[in-house]
Each structure stands twice: as C-alpha cells, then as structure tokens.
Amino acid sequence: MSMLLILNLFFMMLMLFSSSKHFLNFLIYMEFMVVSILFYMIMFKLNMWFFLVYMVYSVCESVLGLSLLVSMNFEYGHEKIYLINLC
Numbered sequence: 000m001s002m003l004l005i006l007n008l009f010f011m012m013l014m015l016f017s018s019s020k021h022f023l024n025f026l027i028y029m030e031f032m033v034v035s036i037l038f039y040m041i042m043f044k045l046n047m048w049f050f051l052v053y054m055v056y057s058v059c060e061s062v063l064g065l066s067l068l069v070s071m072n073f074e075y076g077h078e079k080i081y082l083i084n085l086c
C-alpha cells in the first residue's frame, strides 16, 4: 500500500511540473498532493500534533493560493492566467 502512495505522489509531482498552462490546475494538483500526504500520515498513524500542524499549514496554503488567484483575476480581468506570465 505504501508503494502505491509513493507512486501516486510521484505521478502528482510529474503532473504538477508539467502543467504550466493554468494557475488553477497548478492549485488543484497541489491540493491533491496535500491530500495524498495526509492519507500517508493517517496510514502510518503519526503523532496527532504533527497531523494538526500539517492540517493548519495545508489550509493556509490553500487559502493563500485561492486569494492569489482571485486577486490576479481582478487585476488581469480573465480566468486564463498563465504561470509563465507571473513574473
């Protein structure tokens, strides 16, 4: 089962680095990686405090990503925000 999770994380990393088209796809792949790591932590029954800290960081990361998406949408006026044009 752990090999399946590791392959899942590797596949998500590959999809994350190959999706340079839209910012929303990037955020979705990042959240799927967060959920995969969360399942990995649940499967190995890690410490509850570490689990709580990880959940707080993942929620803060998702809120920051969505607020960045909304602010860029207001600034540029369309939903097709390219990762290449972020600089």
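Numbering that gives the first Met the number 0 puts the sequence shown at residues 0 to 86. Built from N, CA and C at the ideal position, the CB exists for glycine as well.
Are M12 and F31 close, meaning C-beta to C-beta below 7 Å?
-> The answer is no: Cβ separation not under 7 Å.
Cβ pair V33, S57 closer than 7 Å | In terms of Cβ geometry, V33 and S57 form a close pair [threshold 7 Å].
Pair every Cβ in the segment 33-53 with every Cβ in the segment 2-10, then say whether three or more of these pairs are closer than 8 Å.
-> With contact defined as three or more Cβ pairs closer than 8 Å, the segment 33-53 and the segment 2-10 are in contact.
Cα-Cα, which of M47, Y39, S61 is closest to Y28?
-> The shortest Cα separation from Y28 among M47, Y39, S61 belongs to S61.
Alpha carbon to alpha carbon, what distance is there between L63 and N72?
-> One C-alpha to the other measures close to 14 Å.
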